[in-house]
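**Student:** Just so we're aligned, residue 0 is where the sequence shown starts under numbering that gives the first Met the number 0, counting upward by one.
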Amino acid sequence: MANRSKKVVLSARVDPYLKAGIDLLAAAQRVKMVALMERFLEFGLEESQVENPFASKKNTPKISFLLVLQAIWTDDEVLFQLRAGALGAKISGDDIFDASFVVLSLEVDYFAGEDDIFGDLNGLTSRMGLAPVVPFKVNLPLVKEEWDSILAYVQFLKQNKPFQPTFDEYKTIMAKSLK
């Protein structure tokens with residue numbers, strides 16, 4: 000996976016013996032601890048197998064989570080979450096899946112547009128024969144503008160069951176509550 004122009008800080012609590020082991024191995028291999036940990040994380044993502052969420056010429060039932068990540072990764076956080084959610088809750092978790100469903104539901108054309116959310120899966124369509132099962136086209140600027148509201152709507156639905164207003168009704172409710 001290509002290096003991004005910026006790094007993020009990851010904080011984790013680990014058992015002392017694991018920290019000592021990472022320190023020793025980094026020293027023995029003459030690499031920085033951070034570089035070693037990045038390799039471990041990438042290895043873990045590669046070794047984690049998930050049901051293949053893509054159409055594939057090889058009909059591969061399972062693929063590595065790292066390959067899925069490589070296919071959907073983008074620095075654009077909203078597009079990344081939308082892509083992950085479009086692949087299902089087993090890839091994205093429930094909240095991102097639910098938010099993506101609000102955008103991608105065939106019953107709602109509010110977000111319909113011409114922007115293909117998957118494109119060529121970061122080159123993996125031609126290199127590995129992967130393709131999205133369903134091509135999704137949205138108005139991406141509108142989705143980005145509304146994304147925080149969509150996430151808030153998903154949380155609202157969870158906290159107010161069985162009340163299930165549509166996204167448009169939710170926005171009206173929220174606008175009235177601010178007056």
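Beta carbons: idealized from backbone N, C-alpha and C, even for Gly.
Can at least three beta-carbon pairs, one atom from the segment 80 to 90 and one from the segment 152 to 170, be found at a separation below 8 Å?
**Tutor:** no
**Student:** Select from Val30, Pro52 and Phe42 the residue whose C-alpha is nearest the C-alpha of Val133.
**Tutor:** Distances from the CA of Val133 to each of Val30, Pro52 and Phe42 were compared; the closest alpha carbon is that of Pro52.
**Student:** To the nearest angstrom, how far is it from the Cα of Glu50 to the Cα of Gly43?
**Tutor:** 16 Å
**Student:** Answer yes if the segment 103 to 110 comes into contact with the segment 134 to 153, meaning at least three C-beta pairs across the two stretches below 8 Å, and no otherwise.
**Tutor:** With a cut-off of 8 Å, the segment 103 to 110 and the segment 134 to 153 count as touching, because enough Cβ pairs lie within range.
**Student:** How would you write the range of the beta strand (DSSP E) that Ile62 sits in, first residue to last?
**Tutor:** Lys61 to Ser63
**Student:** Flag this pair as touching only if the segment 57 to 66 and the segment 17 to 36 have three or more C-beta atom pairs under 8 Å; answer yes or no.
**Tutor:** no
**Student:** Run through DSSP, which three-state label would Gln163 get?
**Tutor:** coil
**Student:** Answer yes or no: does any C-beta atom of chain C fall closer than 8 Å to that of Ala85?
**Tutor:** The chain inventory of the structure shown lacks chain C, comprising one protein chain alone.
**Student:** Rounded to the nearest angstrom, what separates Asp94 and Leu78 at their Cα positions?
**Tutor:** 15 Å
**Student:** Would you report the Cα separation of Phe166 and Leu150, rounded to the nearest angstrom?
**Tutor:** Our two residues, Phe166 and Leu150, have alpha carbons roughly 11 Å apart in a direct line.
**Student:** Please report how far the alpha carbon of Val13 lies from the alpha carbon of Leu120, in whole angstroms.
**Tutor:** Counting only the Cα atoms, Leu120 lies some 34 Å from Val13.
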